[in-house]
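Okay, so the sequence shown: first residue is 2 according to the numbering used here, each after it adds one.
Note that beta-carbon positions come from the ideal geometry of N, C-alpha and C, so glycine has one too.
Written out below as structure tokens is the structure these notes cover.
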Amino acid sequence: MNPHVPMLDLNDGRQVPQLGFGVWQIDDAAASAAVATALECGYRAIDTAAIYGNERGVGEGISRSGLPRDAVHLTTKLWNSEQGFDSTLRAFDESLRKLGTEYVDLYLIHWPVPAKDRYVDSWKALEQLRGEGRARSIGVSNFQPAHIERLLAETGTAPAVNQIELHPDFAQRELVAFNARHGIVSEAWSPLGQGGELLRHPLLVQLAGKHGKSAAQIALRWHVQRGHMVIPKSQTPSRIRENIAVFDFQLDEADMHALAALDGDHRIGPHPDQLS
Ligand code: NAD
2 MNPHVPMLDL NDGRQVPQLG FGVWQIDDAA ASAAVATALE CGYRAIDTAA IYGNERGVGE
62 GISRSGLPRD AVHLTTKLWN SEQGFDSTLR AFDESLRKLG TEYVDLYLIH WPVPAKDRYV
122 DSWKALEQLR GEGRARSIGV SNFQPAHIER LLAETGTAPA VNQIELHPDF AQRELVAFNA
182 RHGIVSEAWS PLGQGGELLR HPLLVQLAGK HGKSAAQIAL RWHVQRGHMV IPKSQTPSRI
242 RENIAVFDFQ LDEADMHALA ALDGDHRIGP HPDQLS
């Protein structure tokens, strides 16, 4: 495992590298190249999903790296249309086939889709997959407290991870605190605000100057110091390298305090209660 990236403890006794690599919106060929580059740069966790349509490319990128399978923490996700007990098991098999692997390190329910009301059945399928050792850890994504409370009430199994939209201007403090109370790691998606306005914000630019880092590195360091797992995406080799170089400096208390003031209702993606 890369010595620079700390490991986070999960509530199932396993661990996950705190910083990994996301591959949304890249096709198979680009994913294969980007994953190989990321692994060369020292990333040891990859986040994909069935709906990204690039599981084959991700699997290829891991093979190309020459690393043993157990050196890479691999996450994929169950898509909304496949929710339900049997359909989840089938979708999982299909993901493994495309990834070319016998197991994933983390399998997530991508969205709760409360209108369909199948996430508890899907969760029971994930529990089975974990029991079989084919999904080493299981978790959720975009779950609100009510959805997690229902999983706890009906199955007694807490997710290891809740992957949610998180960036300095959308800090979701209440949800992150809820996750923490249940021993659930908060994993940040779109940690750079998808590379938009956030990275041009004067505060990030100022802190970048102060620390001799980029605005993206300031945002990623904020995640690290907030205790999130974080999965920035890039297809550009220099940025892939830049985004993992965030373990050789620290934001001080005043920096963190100033960044806290950026928090607002800057959600980019859909609200989890609404996506169907
Ligand atoms: P992100 O916040 O990681 O931003 C990525 C974009 O930021 C890049 O496409 C690029 O334009 C820019 N960028 C990257 N590095 C940069 C740098 N060093 N300097 C300047 N600009 C830079 O956005 P994302 O891809 O949406 O999120 C990361 C990952 O989270 C995804 O790839 C995916 O794996 C996951 N994700 C999950 C969900 C979910 O519902 N669970 C939703 C969205 C994303």
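Count the other C-beta atoms from every protein chain shown that fall within 10 angstroms of the C-beta of residue i, then say buried if there are 16 or more, exposed otherwise.
{"i": "S82", "result": "exposed"}
{"i": "F250", "result": "exposed"}
{"i": "T76", "result": "buried"}
{"i": "S191", "result": "buried"}
{"i": "P7", "result": "exposed"}
{"i": "E95", "result": "exposed"}
{"i": "P203", "result": "exposed"}
{"i": "D253", "result": "exposed"}
Tell me which same chain residues have a C-beta within less than 7 Å of the C-beta of residue i, skipping the five on either side of it?
{"i": "I27", "result": "A35, N55 and Q236"}
{"i": "A32", "result": "V24, N55, G58, V59 and G62"}
{"i": "F179", "result": "P146"}
{"i": "Y53", "result": "V24 and W25"}
{"i": "V114", "result": "N81, Q84, Y120, L276 and S277"}
Identify, in the order they occur along the chain, each residue of the same chain with its Cβ nearer than 6 Å to the Cβ of residue i, setting aside the five sequence neighbours on each side.
{"i": "G101", "result": "G60"}
{"i": "A116", "result": "S277"}
{"i": "D256", "result": "L208"}
{"i": "L152", "result": "W124"}
Taking 8 Å as the threshold (C-beta atoms), are residue j and residue i in contact?
{"i": "L20", "j": "A161", "result": "no"}
{"i": "I245", "j": "C42", "result": "yes"}
{"i": "G184", "j": "A220", "result": "no"}
{"i": "M230", "j": "L79", "result": "no"}
{"i": "L176", "j": "G140", "result": "no"}
{"i": "S64", "j": "L40", "result": "no"}
{"i": "F93", "j": "L130", "result": "yes"}
Return the Cβ separation of residue i and residue j in integer angstroms, given the expectation that the two are a contact with Cβ distance under 8 Å.
{"i": "F171", "j": "H5", "result": "With a Cβ gap of about 27 Å, F171 and H5 do not count as contacting."}
{"i": "P260", "j": "W223", "result": "The sequence given here has Leu at residue 260, not Pro. With a Cβ gap of about 5 Å, L260 and W223 count as contacting."}
{"i": "S142", "j": "Q164", "result": "4 Å"}
{"i": "R241", "j": "T38", "result": "In the sequence as displayed, the identity of residue 241 is Ile instead of Arg. Between T38 and I241 the Cβ distance is about 5 Å, and since that is below 8 Å, they are a contact."}
{"i": "A30", "j": "H111", "result": "23 Å between Cβ atoms; not a contact."}
{"i": "Y104", "j": "G132", "result": "Not really, about 13 Å apart at Cβ, beyond 8 Å."}
Among the residues of its own chain, which have a CB less than 8 Å from the CB of residue i, if the five just before and after it don't count?
{"i": "V206", "result": "A216"}
{"i": "H74", "result": "V17, P18, G21, R45, A46, I47, D106 and L107"}
{"i": "D264", "result": "P169, D170, F171, A172 and R174"}
{"i": "H148", "result": "P113, P115, Y120, V141 and P273"}
{"i": "R201", "result": "A216"}
Open item on the list: Going residue by residue through the stretch 9–50, where are the continuous alpha helix (DSSP H) segments of at least 4 residues, counting only ones entirely within it?
Closed with: Runs of the alpha helix (DSSP H) inside the stretch 9–50: 29–41.
- [ ] Enumerate, from N- to C-terminal direction, the unbroken beta strand (DSSP E) stretches of 3 or more residues contained entirely within the stretch 163–229.
- [x] 186–190
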